[in-house]
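**Q** If you read the sequences in order, they're chains A and B. Take the first sequence: its position 49, counting from 1, is numbered 49 in full-length UniProt numbering, and each next residue is one higher. Take the second sequence: its position 21, counting from 1, is numbered 21 in full-length UniProt numbering, and each next residue is one higher.
Number of protein chains: 2
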Amino acid sequence: MAKYDSDLSLLFHALSDPTRRALLTRLAAGPAPVTELAAPTGLRLPTVMRHLSVLEEAGLIATSKDGRVRSCAIVPEALAPVRTWLDEQRNIWESRLDRLDSYVMKIMEERAK
Amino acid sequence: MAKYDSDLSLLFHALSDPTRRALLTRLAAGPAPVTELAAPTGLRLPTVMRHLSVLEEAGLIATSKDGRVRSCAIVPEALAPVRTWLDEQRNIWESRLDRLDSYVMKIMEERAK
DNA sequence: ATCATAGTTAGCCACATGGCTAAGTATGAT
DNA sequence: ATCATACTTAGCCATGTGGCTAACTATGAT
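#1: Can you give the Cα-Cα distance for Ser-6 (chain B) and Ala-14 (chain B), rounded to whole angstroms?
#2: Report yes if the C-beta of Arg-20 (chain A) is less than 7 Å from at least one heavy atom of the ligand HEM; otherwise report no.
#3: Please go through the same chain and pick out, in chain order, the residues whose beta-carbon is closer than 7 Å to the beta-carbon of Tyr-4 (chain B), but skip the five residues on each side of it.
#4: I'd like to know whether the C-beta of Val-82 (chain B) is nearer than 8 Å to at least one C-beta of chain A.
#5: Just the C-alpha distance for Arg-68 (chain A) and Leu-60 (chain A), rounded to the nearest angstrom, thanks.
#6: May I ask you to list the residues that DSSP assigns as paired with Ile-74 (chain A)?
#7: Under the three-state reduction of DSSP, which class applies to Ala-14 (chain B): helix, strand or coil?
#8: Should Arg-21 (chain B) go down as buried or exposed, given a rule of 16 or more other Cβ atoms within 10 Å for buried?
#9: Taking only three categories from DSSP, how would you classify Ala-32 (chain B)?
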């Protein structure tokens with residue numbers, strides 16, 4: 001249960017679809033209305049709408065409606081938690097390498113006796 | 001179709017589950033057999049096995065069997081494509097932000113409420 | 001040879017996901 | 001007032017996902 005119990009799960013899930021990543025990349029060039037976003041995907045509007053909803057619920061994009069046009073824009077800081085998690089993982093791994101290193105050193109010193 | 005048509009999709013999908021991220025974090029401390037990995041999750045063995053399969057198919061871990069024990073270990077460089085993608089996006093997104101498009105800012109402020 | 005341990009495989013279940021069509025709503029143009 | 005545009009909602013379908021139990025295999029210990 002509570003499959004997406006954190007921002008991180010929502011974010012990673014949103015990013016796991018190629019269509020959604022393509023939408024993000026397109027939006028990086030600037031805001032765009034839904035129909036314009038849908039065009040290059042080859043998908044129907046409702047399908048694209050749902051992809052956009054996933055992106056919005058993950059906080060990766062923000063939308064606003066002006067007249068009958070809904071404009072979508074990227075939320076640049078939304079990727080921060082992903083970066084943080086990646087950095088943490090790297091740090092843990094490196095500290096493990098350090099420990100392994102000192103362990104090896106210890107053994108080598110032991111043998112040097 | 002071809003939902004996970006790239007490494008990136010496989011990776012993001014693998015990372016989108018809290019249990020799998022927890023497994024990775026545990027494995028960052030060093031290799032471990034399946035049963036030991038399963039213990040803290042509160043999940044049954046077959047369930048954990050499948051999570052491990054997803055991680056392995058994404059290339060995030062590697063496993064090997066010694067006797068009846070299967071040992072799982074992290075593949076640290078597997079996260080590289082994710083980092084790369086993230087860096088690319090950040091570069092695009094930030095250069096976009098540098099232009100300070102007032103329309104984007106307006107939407108972001110709207111959503112911040 | 002027997003038993004315990006550590007996976008492994010098969011299969012069931014409820015729900016989520018990604019695609020669609022069809023029909024509805026709201027707004028700009030004529 | 002009418003019509004086209006731009007979503008929006010509802011709902012169908014096939015497949016995927018994450019959990020489980022039960023039963024099986026393989027290996028180490030006695």
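Each residue gets a CB set at the ideal place from its N, CA and C atoms; glycine is no exception.
**A** The short version:
#1: Inter-residue distance for Ser-6 (chain B) and Ala-14 (chain B) is about 12 Å (C-alpha atoms, whole angstroms).
#2: Looking at this structure, you won't find the ligand HEM or any other ligand, since it has none at all.
#3: Annotation note: pLDDT 45 at Tyr-4 (chain B) (below 50); position unreliable, no value reported.
#4: Taking Cβ atoms only, chain A reaches closer than 8 Å to Val-82 (chain B), which makes this a yes.
#5: Taking the straight line joining both Cα atoms gives about 22 Å.
#6: Answer is A:Ile-61, bridged to Ile-74 (chain A).
#7: Look at Ala-14 (chain B) here: in three-state DSSP terms it is helix.
#8: With 16 or more other CB atoms across the displayed protein chains lying within 10 angstroms of its CB, Arg-21 (chain B) is buried.
#9: Ala-32 (chain B): strand per DSSP, three-state reduction.
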